[in-house]
Amino acid sequence: MCDLNMDNGSIYVRERGSLRRVSNIVLAQPKPVSSCRRTNPFVLRKEHFTFTYNAEGSLRYTAKSLFDITLLFVADNIHHVDSLVGFPEQIGDRLFAAAEENRVFSNTDVSPKALQLFSDAYGQMVLGSLCLRHRFPLLHERMDEIKTFHSLKSLDLFGCRLGDDHEIFQHLTSSSLASSLIQLFIGGNSMTDAGLQRLTAPIRMMRKGLDCLQFLDVSYNPISERALRYLTCLPKLEKLDVSRTSLKLGAGLKKTIWNLLGLICSEKPLDTFDHSRCKTEGWAEQVVNQWETNSSQMPKQKKIEESRTSALRFFGRQKFVRGVLNAAPLVCESEVEAKRDRLHFYRPAAKNHILDEQVPHTTNHQANTSWNNINKRQREPERCDSSNHSPPTKRSASSALSAEDIELLNSY
Numbered sequence: 006m007c008d009l010n011m012d013n014g015s016i017y018v019r020e021r022g023s024l025r026r027v028s029n030i031v032l033a034q035p036k037p038v039s040s041c042r043r044t045n046p047f048v049l050r051k052e053h054f055t056f057t058y059n060a061e062g063s064l065r066y067t068a069k070s071l072f073d074i075t076l077l078f079v080a081d082n083i084h085h086v087d088s089l090v091g092f093p094e095q096i097g098d099r100l101f102a103a104a105e106e107n108r109v110f111s112n113t114d115v116s117p118k119a120l121q122l123f124s125d126a127y128g129q130m131v132l133g134s135l136c137l138r139h140r141f142p143l144l145h146e147r148m149d150e151i152k153t154f155h156s157l158k159s160l161d162l163f164g165c166r167l168g169d170d171h172e173i174f175q176h177l178t179s180s181s182l183a184s185s186l187i188q189l190f191i192g193g194n195s196m197t198d199a200g201l202q203r204l205t206a207p208i209r210m211m212r213k214g215l216d217c218l219q220f221l222d223v224s225y226n227p228i229s230e231r232a233l234r235y236l237t238c239l240p241k242l243e244k245l246d247v248s249r250t251s252l253k254l255g256a257g258l259k260k261t262i263w264n265l266l267g268l269i270c271s272e273k274p275l276d277t278f279d280h281s282r283c284k285t286e287g288w289a290e291q292v293v294n295q296w297e298t299n300s301s302q303m304p305k306q307k308k309i310e311e312s313r314t315s316a317l318r319f320f321g322r323q324k325f326v327r328g329v330l331n332a333a334p335l336v337c338e339s340e341v342e343a344k345r346d347r348l349h350f351y352r353p354a355a356k357n358h359i360l361d362e363q364v365p366h367t368t369n370h371q372a373n374t375s376w377n378n379i380n381k382r383q384r385e386p387e388r389c390d391s392s393n394h395s396p397p398t399k400r401s402a403s404s405a406l407s408a409e410d411i412e413l414l415n416s417y
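Numbering (our numbering) for the sequence shown: 6 to 417.
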């Protein structure tokens, strides 16, 4: 039972036979209407009725069910809800649709809390896959909302101009995404070895984050062979795309990636890194589209000013931000050239004979070394499986942390 006083916003709730007052909560006001008769909040509003026409063409209306009216009321005041955990998925789906229809998620003051509310209760049903490829403004303007999606299985940030130090890095390595994220595309972001080092620093130092990551795309970034050692902290990495980087295909690169990651070069492009397979999926799919539509309809000058202001707040360095905003978009020269320069690596099912074909051995000593590396790579997955997907065993401080890592850790 609830008694409302719309003048002062007081709410009285009856719980367990006693009446108490809930303070500091202001309910959403009724939408303005032209009729003065509708100004009374206790007079039923139009959205409480369904208007149809009968066979004779006469207008008729039917009152909505109490459930639909209540659903609309909760959707209007979703920012006052503490939790939806335990509510059936059918209720959550209809409530999310009602909130979306009322454009609750377009309000930057309410949308982060509302999306967090749904994500905590329904996880990947809200959003299981998010594609932001070449949509830098959307990532920039909706950073708070994007951080609430903590059950993503696939995240595409290709061409989002992340650079070497972006706010999204902390979300990627957070514990909220550790048990869900499987595919990550961060190519075309002008990321150097230092950026990949900073991205993986929490994983290498604190052994948490990206525990389930299997597919990683770092193509079109100026990374060198030195950056590959930063990826050894990913225990379940199975496929890697390093196309159009500073890496050059050869026997040396194949051997290095095999020794470090246990991956071999694929002669054919892997379907995993085909952009046509990446898309936004979940209840919030239309919400993301609305964000982009609203952003494109903003006045151009206002968009530029807000983008610059937010960029300065995110990065804190005006010179760097100016260079990022003025950077030319990533463009492939031709499809044929792109296919020719693709460097895709994957973890083979049988390793004993494939390495002999791809990496020739010149001496018996090299053969013994490669055989030891094969055995080493075979023992590591067995140890991970036996521990029920637990993080790899910690190495000694001397081998796990270099001087650069210690310096990076001290900078946090």
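Ideal placement from N, C-alpha and C gives every residue a C-beta, glycine not left out.
Since the model is a prediction, treat every value here as computed from it, not as a measurement.
Tell me whether the segment 97–108 and the segment 248–260 touch, counting them as touching only if at least three CB pairs, one residue from each stretch, are closer than 8 Å.
no
Going by DSSP, name the residue or residues bridged to residue 269.
Taking the first residue of the sequence shown as position 1, residue 269 is located at position 264. Residue 269 is bridged to 351.
By the 10 Å Cβ neighbour count, where 16 or more other Cβ atoms means buried, how is residue 142 classified, buried or exposed?
Within the sequence shown, residue 142 is the residue found at index 137, counting from 1. Flag for residue 142 reads buried.
Do you know whose CA, among 238, 273 and 243, lies nearest residue 207's CA?
Looking up residue 207 in the sequence shown gives position 202. If we check each option's Cα against that of residue 207, 238 comes out closest.
Are residue 192 and residue 224 touching if we call contact CB-CB under 9 Å?
What you label residue 192 is simply residue 187 of the sequence shown in a count that begins at 1. What you label residue 224 is simply residue 219 of the sequence shown in a count that begins at 1. Yes, the Cβ-Cβ distance between residue 192 and residue 224 is below 9 Å.
Assign residue 67 to one of three DSSP states: helix, strand, or coil.
If you number the sequence shown from 1, residue 67 lands on position 62. Strand, per DSSP.
How about residue 270: is its C-beta nearer than 9 Å to some C-beta of chain D?
The displayed structure is made up of one protein chain only, and chain D is not part of it.
Going by C-alpha to C-alpha distance, which of 111, 66, 187 and 233 sits closest to residue 202?
Here residue 202 refers to the residue found at position 197 of the sequence shown. Residue 202 has its Cα closest to that of 233, out of 111, 66, 187 and 233.
Count the other CB atoms, across all protein chains shown, that sit within 10 Å of the CB of residue 4; report buried if there are 16 or more and exposed otherwise.
As shown, the chain starts at 6 and ends at 417. That puts residue 4 outside it, with no answer to give.
Any idea what DSSP makes of residue 125, helix, strand or coil?
Locating residue 125 in the sequence shown gives position 120, counting from the first residue. The answer is helix: DSSP assigns residue 125 an H, G or I state.
Are there three or more Cβ pairs, one per stretch, closer than 8 Å when the segment 159–177 is compared with the segment 130–145?
yes
Tell me the rounded alpha-carbon separation between residue 107 and residue 81.
Reading the sequence shown from its first residue, position 102 is the one you call residue 107. Reading the sequence shown from its first residue, position 76 is the one you call residue 81. In a straight line, the C-alpha of residue 107 is about 7 Å away from that of residue 81.
Should residue 135 and residue 154 be called a contact, given that it needs their Cβ atoms to be closer than 9 Å?
Numbered from its first residue, the sequence shown carries residue 135 at position 130. Numbered from its first residue, the sequence shown carries residue 154 at position 149. Contact: yes.
In the DSSP output, which residue or residues are listed as bridge partners for residue 286?
For this step, residue 286 is matched to residue 281 along the sequence shown. Paired residues: 134.
Under the rule that 16 or more other beta-carbon atoms within 10 Å means buried, what is residue 226, buried or exposed?
As a first step, residue 226 is located in the sequence shown; it is residue number 221 there, counting from the start. So residue 226 counts as buried.
With burial defined as no fewer than 16 other Cβ atoms inside 10 Å of the residue's Cβ, what is the status of residue 92: buried or exposed?
By one-based count along the sequence shown, residue 92 stands at place 87. Under this definition residue 92 is an exposed residue.
If you draw a straight line from the C-alpha of residue 294 to the C-alpha of residue 76, how long is it?
Position 289 of the sequence shown holds residue 294. Position 71 of the sequence shown holds residue 76. One C-alpha to the other measures close to 24 Å.
Given residue 84, which residues of its chain have a CB within under 7 Å of its CB, disregarding the five upstream and five downstream residues?
Taking the first residue of the sequence shown as position 1, residue 84 is located at position 79. The answer, listed in chain order, is 115, 118 and 119.
Please determine, among 104, 259, 204 and 63, the residue with the shortest C-alpha to C-alpha distance to residue 73.
As a first step, residue 73 must be located in the sequence shown, where it is residue number 68. If we check each option's Cα against that of residue 73, 104 comes out closest.
At the level of alpha carbons, what is the spacing between residue 5 and residue 245?
Since the first and last residues shown for the chain are 6 and 417, residue 5 lies out of range.
How would you call residue 209, buried or exposed, if buried means at least 16 neighbouring beta carbons within 10 angstroms?
Working through the sequence shown from its first residue, we reach residue 209 at position 204. Buried, by the Cβ-count rule.
Reducing DSSP to helix, strand and coil, say where residue 143 ends up.
By one-based count along the sequence shown, residue 143 stands at place 138. Helix, per DSSP.
Determine the closest residue to residue 297 out of 140, 121, 170 and 150, with distance taken between C-alpha atoms.
Working through the sequence shown from its first residue, we reach residue 297 at position 292. The shortest C-alpha separation from residue 297 is found at 140.
Give the single residue among 126, 88, 275 and 260 whose Cα lies nearest to the Cα of residue 230.
Taking the first residue of the sequence shown as position 1, residue 230 is located at position 225. Nearest option by C-alpha distance: 260.
Unbroken alpha helix (DSSP H) runs of length 4 or more, entirely within the segment 198–234: which are they?
For the segment 198–234, whole alpha helix (DSSP H) runs of length 4 or above, ordered along the chain, are 198–211.
Nearest-angstrom Cα distance between residue 148 and residue 157?
Taking the first residue of the sequence shown as position 1, residue 148 is located at position 143. Taking the first residue of the sequence shown as position 1, residue 157 is located at position 152. The alpha-carbon atoms of residue 148 and residue 157 are separated by roughly 15 Å.
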